[in-house]
Amino acid sequence: MSEANEPRKPARKKVELDPRLAAYKGVWVFVEHERGSVHPVSWELMGEGRKLADKLGVELAGIVMGPPGEDTRKFCREAIRYGADLCYLMEDNLLSDYRNEPYTKGMTDLVNAFQPEILLIGATTLGRDLAGSVATTLKTGLTADCTELAIDMENRSLAATRPTFGGSLLCTIVTLNYRPQMATVRPRVMAMPDYDEKRSGRTIAHPLGMIETSIVTKVLEYIPDNLQGKPQLAFADIIVSGGRGMKKPENFQLIWNLAKVLGAEVGATRPIVQAGWVEADRQVGQSGKTVRPKLYIAAGISGAIQHRVGMEDSDVIIAINSDPEAPIFDFATYGIVGNAMVILPALTEAFRQHLATARLAG
Amino acid sequence: MHIVVCIKQVPDSAQIRVHPVTNTIMRQGVPAIVNPYDLYSLEEALRIKDQYGGRVTVLSMGPPQADAALRKAISFGADDAILVTDRAFAGSDTLATSYALASAIRQIEKDIPVDMVFAGKQTIDGDTAQVGPGIAKRLDMQLLTYVSAIRELDLDGKSIIVERRAEGGVQVLKTRLPCLVTVLEGTNEMRFATMSNMFRAARHPLKVWDKEKAGIEDITKIGLKGSPTIVSKVFAPSPKSVKAEIIDTESNQPKDLAVTLLAKLFTRKPDLVRDIAKNAPWSN
Ligand SMILES: Cc1cc2nc3c(=O)[nH]c(=O)nc-3n(C[C@H](O)[C@H](O)[C@H](O)COP(=O)(O)OP(=O)(O)OC[C@H]3O[C@@H](n4cnc5c(N)ncnc54)[C@H](O)[C@@H]3O)c2cc1C
Ligand SMILES: Nc1ncnc2c1ncn2[C@@H]1O[C@H](COP(=O)(O)O)[C@@H](O)[C@H]1O
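Right, dumping it as structure tokens:
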């Protein structure tokens with residue numbers, strides 16, 4: 078992967094695009110859905126795609142692929158209400174479950190037929206499976222797991238920024254002489270756009286043109302996860318996280334206590350997960366979950382870049398750390414310099430009282 | 008059964024430091040390791056070999072030093088190793104890398120047909136998860152990503168049934184060999200190297216292929232030339248301009264600190280009380 082190799086010579090600034098490629102216009106967002114609902118990352122991308130399309134002065138389209146029926150069409154309407162100008166709709170029973178082959182063909186055909194300049198896909202298990210295949214089939218560039226998307230107006234190209242070298246540095250990647258320019262973005266990295274009931278737009282249908290017997294891979298079964306009791310960090314309003322500064326597994330109970338009072342999810346840094354104090358699903362950061370809660374409380378967490386990238390977009394961050402020089406104070410909203418084992422119980426009690434008073438007041 | 012496992016040598020990113028002034032990577036002394044995700048794939052391949060017999064060939068593209076990664080794989084039990092190395096590959100992005108690896112796999116196939124290719128879920132340096140799907144497309148193989156279990160393998164019928172991690176559940180997929188599999192982390196645990204394999208690893212004559220031996224037909228498809236993506240700049244994350252407001256009461260009593268903090272918090276975010284009430288019922 079070159080992105081990780083020595084930084085290459087900076088790209089030449091001005092590039093004359095091949096006229097064939099200049100015909101590629103518009104920004105597309107792939108609308109990912111599974112079991113009847115759209116993955117929120119698609120709407121987050123729609124919000125981001127809107128900004129890119131406006132900057133370029135082009136249209137924003139949602140790409141909806143699925144089995145024929147009201148459900149699939151509903152996703153088209155939603156795409157428009159989340160900001161798309163139009164929707165490309167591909168309905169076929171072969172698209173009922175996600176499978177690489179028909180989805181890659183469908184997406185590739187759509188791109189070849191309607192020629193978008195930018196194609197955005199969520200960096201989910203489905204999205205990464207699809208994006209890598211589509212980019213290779215189209216022989217174009219794909220920048221994975223971007224944290225920032227912008228337009229370089231000099232040559233109308235997509236400037237996609239992503240972490241590199243284990244998150245210690247960021248790099249900006251452009252795809253100059255290939256179209257479409259593809260990028261994936263992880264869930265919760267971008268903000269959710271508003272839903273506008275009144276927006277309307279057109280839908281363009283396109284056939285898949287495949288038969289089942291030509292598809293080698295079959296879905297035998299789908300076993301939905303049992304979400305009961307499973308941590309749901311990505312969409313939590315409040316998260317209380319602990320790091321190595323909590324010192325002992327017993328002390329981690331202080332994190333749980335505060336979380337209980339706040340109705341919050343519990344998060345952790347990687348060393349805590351590796352030590353087995355909490356489940357892997359609770360890891361926040363580059364190799365864990367990206368979160369953007371309204372309130373993130375970090376106790377005994379240094380604020381290493383790999384943790385930071387997963388939580389820095391929280392509305393409010395409260396950091397408790399005994400080291401006044403801890404990097405977390407560089408980006409937290411509020412900081413308390415002190416011993417977490419003392420501060421956490423005090424904070425828990427203060428919240429409990431504040432909430433009790435608020436409840437009495439109705 | 009002939010399985011090719013693609014492994015990449017990566018810097019141990021846990022030990023990478025960025026020079027505070029120049030923003031450049033300080034590589035000195037950073038050890039190179041086998042990409043951790045590739046070990047799950049290698050172990051899965053070795054288990055298939057244990058059960059059904061056959062051969063496991065490991066394949067890596069990288070600088071000459073990457074032979075250490077391949078020897079490591081042999082010490083775990085791989086039979087054969089091929090290092091694809093050539094200056095012409097420098098600067099390859101995922102599209103160019105998948106072209107080169109797919110081309111090398113075609114060369115490998117000329118000796119013994121390949122039934123399965125394994126790749127890691129992703130690398131810890133590139134971290135794109137694209138090279139696996141890319142190789143599959145180029146070789147026109149069925150693609151099975153994020154596999155968490157191999158349920159059934161029928162060598163005569165040339166079919167395989169796997170469990171694949173999807174977003175909200177597990178897909179059970181059946182497909183035909185040859186196929187390319189990427190394995191989910193945690194699926195298995197890498198075995199220990201045996202003494203005899205360690206000796207074998209040290210002595211093993213690695214195959215070293217340059218671009219000709221790797222069967223590269225079109226040199227415009229490799230290296231910088233063959234890479235659509237271009238790194239336009241590398242930079243350190245900008246420090247946030249506003250640092251945390253440090254809550255500090257005169258008395259420094261934890262209780263006072265907490266009360267002061269909450270007053271500030273709820274003045275700034277009055278709605279939070281409602282959000283908390285929604286999630287934390289009375290009983291707390
Ligand atoms: C490729 C890669 C991926 C990674 N992915 C992730 C990831 O997804 N998520 C993640 O979190 N990390 C990740 N890491 C690890 C990351 O680099 C840091 O090592 C990790 O985040 C540090 O965790 P920590 O803050 O709990 O521990 P430390 O960095 O050890 O910090 C502990 C902090 O606690 C403070 N402290 C000590 N005692 C007390 C006390 N009594 N009261 C209050 N504070 C106290 C200390 O001052 C210190 O700041 C990754 C690393 C790599 C290389
Ligand atoms: N240079 C390489 N040599 C061998 N295998 C590679 C190389 N680059 C990537 N791979 C394989 O492709 C997987 C995904 O890589 P990436 O797309 O960089 O995340 C890795 O886990 C490896 O199995």
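Taken in order, these protein sequences are the chains called A and B.
Residue numbering for the first sequence follows this note's numbering, beginning at 78 and increasing consecutively.
Residue numbering for the second sequence follows this note's numbering, beginning at 8 and increasing consecutively.
In this text, a Cβ means the ideal position worked out from N, Cα and C, and glycines have one as well.
* Cβ-based neighbour list, B/Thr3, same chain, cut-off 8 Å, excluding 5 preceding and 5 following -> Shown here, chain B extends from 8 to 291; a query on residue 3 of chain B therefore has no answer.
* Rounded C-alpha distance that separates A/Val135 from A/Gly103 -> Position 58 of the first sequence holds residue 135 of chain A. Position 26 of the first sequence holds residue 103 of chain A. The straight-line gap from Cα to Cα measures roughly 5 Å.
* **Three-way DSSP call (helix, strand, coil) for B/Pro18 in this model** => For this step, residue 18 of chain B is matched to residue 11 along the second sequence. B/Pro18: strand per DSSP, three-state reduction.
* Asked: Alpha carbon to alpha carbon, what distance is there between A/Gly344 and A/Leu285?
  -> Within the first sequence, residue 285 of chain A is the residue found at index 208, counting from 1. Within the first sequence, residue 344 of chain A is the residue found at index 267, counting from 1. Near 43 Å, if we compare the C-alpha coordinates of A/Gly344 and A/Leu285.
* Residues bridged to A/Tyr373 (per DSSP) -> Walking along the first sequence from the start, residue 373 of chain A turns up at place 296. Looking at the DSSP assignment, A/Tyr373 forms a beta bridge with A/Ile316, A/Ile394.
* Asked: Going by the beta-carbon positions, is the gap between A/Leu432 and A/Leu335 smaller than 8 Å?
  -> Residue 432 of chain A sits at position 355 when you count from the first residue of the first sequence. Residue 335 of chain A sits at position 258 when you count from the first residue of the first sequence. Taking 8 Å as the Cβ cut-off, A/Leu432 and A/Leu335 do not qualify as a contacting pair.
* To do: Using a Cβ-Cβ cut-off of less than 9 Å, list which residues of the region 160–175 of chain B approach chain A; keep chain order.
  => Near chain A, meaning a CB-to-CB distance below 9 Å, the residues of the region 160–175 of chain B are Ile168, Glu170, Arg171, Arg172, Ala173, Glu174, Gly175.
* To the nearest angstrom, how far is it from the Cα of B/Leu146 to the Cα of B/Thr130? -> In the second sequence, residue 146 of chain B corresponds to position 139, counting from 1. In the second sequence, residue 130 of chain B corresponds to position 123, counting from 1. Roughly 21 Å separates the two Cα atoms.
* **Any C-beta of chain B under 8 Å from that of A/Asn170** => Looking up residue 170 of chain A in the first sequence gives position 93. It does not; no Cβ of chain B falls within 8 Å.
* A/Trp354 (DSSP reduced to helix, strand or coil) -> Reading the first sequence from its first residue, position 277 is the one you call residue 354 of chain A. Coil, per DSSP.
* Asked: Using 8 Å as the Cβ pair cut-off and three pairs as the minimum, do the region 226–240 of chain A and the region 290–297 of chain A touch?
  -> At 8 Å Cβ cutoff, the stretches do not touch.
* Asked: Looking at the C-beta of B/Pro185, does it have a partner C-beta in chain A at a distance below 8 Å?
  -> Along the second sequence, read from residue 1 onward, the residue named residue 185 of chain B stands at position 178. Taking a beta-carbon distance threshold of 8 Å, B/Pro185 does not count as an interface residue toward chain A.
* Does DSSP classify A/Ala282 as helix, strand or coil? -> By 1-based counting over the first sequence, the position of residue 282 of chain A is 205. Correct three-state label for A/Ala282: strand.
* Is there at least one non-hydrogen atom of ligand 2 closer than 7 Å to the beta-carbon of B/Ile89? -> Within the second sequence, the letter at position 82 stands for residue 89 of chain B. Not so, every heavy atom of ligand 2 lies at least 7 Å from the Cβ.
* Proximal residues of chain A, C-beta to C-beta of B/Phe125 below 9 Å -> As a working mapping, residue 125 of chain B is identified with position 118 in the second sequence. For B/Phe125, there are no neighbours in chain A by C-beta distance under 9 Å, as the nearest C-beta there is about 15 Å away.
* In three-state terms, what does DSSP make of A/Tyr180? -> Position 103 of the first sequence, counted from the start, is the residue given in the question as residue 180 of chain A. For A/Tyr180, the secondary structure class from DSSP, reduced to helix, strand or coil, is helix.
* Is the Cβ-Cβ distance between A/Pro257 and A/Glu194 less than 8 Å? -> Numbered from its first residue, the first sequence carries residue 257 of chain A at position 180. Numbered from its first residue, the first sequence carries residue 194 of chain A at position 117. Yes, Cβ-Cβ distance for A/Pro257 and A/Glu194 is below 8 Å.
* To do: For the region 129–151 of chain B, enumerate the residues whose C-beta is nearer than 9 Å to any C-beta of chain A, in chain order.
  => Identification of residues in the region 129–151 of chain B having a C-beta nearer than 9 Å to some C-beta of chain A yields Gln129, Thr130, Ile131, Asp132, Gly133, Asp134, Thr135, Ala136, Gln137, Val138, Gly139, Pro140, Gly141, Ile142, Ala143, Lys144, Arg145, Gln149, Leu150, Leu151, given in sequence order.
* When we look at the beta-carbon of A/Thr434 and count the other beta-carbons within 10 Å, is it buried (16 or more) or exposed? -> For this step, residue 434 of chain A is matched to residue 357 along the first sequence. Around the beta carbon of A/Thr434, a 10 Å sphere encloses fewer than 16 other beta carbons of the protein chains shown; the residue is thus reported as exposed.
* To do: Using 10 angstroms around the beta-carbon of B/Met202, count the other beta-carbons present and answer buried if the total reaches 16, otherwise exposed.
  => On the second sequence, position 195 is the one that residue 202 of chain B refers to. It counts as exposed.
* To do: May I ask you to check if the CB of B/Ala111 is nearer than 7 Å to at least one heavy atom of ligand 1?
  => To locate residue 111 of chain B, count along the second sequence from 1; it is residue 104. Relative to the non-hydrogen atoms of ligand 1, the Cβ of B/Ala111 never comes closer than 7 Å to any of them.
* Which value, in whole angstroms, describes the spacing of the CA atoms of A/Tyr165 and A/Asp186? -> Position 88 of the first sequence, counting from 1, holds the residue named residue 165 of chain A. Position 109 of the first sequence, counting from 1, holds the residue named residue 186 of chain A. For A/Tyr165 and A/Asp186, the distance between alpha carbons rounds to 12 Å.
* To do: Using a Cβ-Cβ cut-off of 8 Å, state whether B/Thr227 counts as contacting chain A.
  => For this step, residue 227 of chain B is matched to residue 220 along the second sequence. With respect to chain A, the C-beta atom of B/Thr227 has no partner C-beta closer than 8 Å.
* Decide if A/Ala282 is buried, meaning its Cβ has at least 16 other Cβ atoms within 10 Å, or exposed. => By 1-based counting over the first sequence, the position of residue 282 of chain A is 205. It counts as exposed.
* **Cβ neighbour criterion (16 or more within 10 Å) applied to A/Asn170** => Here residue 170 of chain A refers to the residue found at position 93 of the first sequence. By the neighbour-count rule (16 or more Cβ atoms within 10 Å), A/Asn170 is not buried but exposed.
* What three-state label does DSSP hand A/Arg256 in the structure shown? -> Sequence index remark: in the first sequence, residue 256 of chain A carries index 179 (1-based). Three-state DSSP puts A/Arg256 in coil, outside helix and strand.
* Can you list, in chain order, the residues of its chain whose CB lies under 6 Å from that of A/Ala236, leaving out five sequence neighbours each side? -> Position 159 of the first sequence, counting from 1, holds the residue named residue 236 of chain A. Same-chain partners within the cutoff: Ala227, Asp229, Thr249, Val251.
* Check A/Glu426 in the structure and name its three-state DSSP category. => Counted from its first residue, the first sequence places residue 426 of chain A at position 349. Looking at A/Glu426 - three-state DSSP - the assignment turns out to be helix.
* Within the region 142–215 of chain A, note down every full alpha helix (DSSP H) run reaching 4 residues or more, in order along the chain. => As far as the region 142–215 of chain A is concerned, its whole alpha helix (DSSP H) runs of at least 4 residues are 147–158, 177–191, 202–215.
* Asked: Taking the alpha carbon of A/Ile394 as the point to measure from, which residue in A/Asp148, A/Arg385, A/Gly113, A/Ala409 has its own alpha carbon closest?
  -> Along the first sequence, one-based indexing puts residue 394 of chain A at 317. If we check each option's Cα against that of A/Ile394, A/Ala409 comes out closest.
* List the residues of chain A that B/Lys250 touches, going by C-beta distances under 7 Å, in chain order. => The residue given as residue 250 of chain B occupies position 243 in the second sequence. Residues of chain A whose Cβ lies closer than 7 Å to the Cβ of B/Lys250 are, in chain order, Phe406, Asp407.
* Nearest to A/Asn416 by alpha carbon, out of A/Leu197, A/Val106, A/Asn328? -> As a first step, residue 416 of chain A must be located in the first sequence, where it is residue number 339. Distances from the CA of A/Asn416 to each of A/Leu197, A/Val106, A/Asn328 were compared; the closest alpha carbon is that of A/Asn328.
* **DSSP state of B/Glu224 mapped onto helix, strand, coil** => Taking the second sequence and counting its residues from 1, the one referred to as residue 224 of chain B is at position 217. The answer is coil: DSSP assigns B/Glu224 none of H, G, I, E or B.
* Asked: Which bits of chain B does A/Pro96 rub up against, with CB to CB less than 8 Å?
  -> Taking the first sequence and counting its residues from 1, the one referred to as residue 96 of chain A is at position 19. Simply none; closest approach about 18 Å.
* Asked: Within 7 Å: the Cβ of A/Lys324 and any heavy atom of ligand 4?
  -> This structure simply doesn't include ligand 4; it includes ligand 1 and ligand 2 instead.
* Asked: With B/Thr182 and B/Tyr153 assumed to form a contact (beta carbons below 8 Å), what rounded beta-carbon distance in angstroms separates them?
  -> Your numbering for residue 182 of chain B matches position 175 in the second sequence. Your numbering for residue 153 of chain B matches position 146 in the second sequence. With a beta-carbon spacing of about 14 Å, B/Thr182 and B/Tyr153 fall beyond the 8 Å limit used to define contacts.
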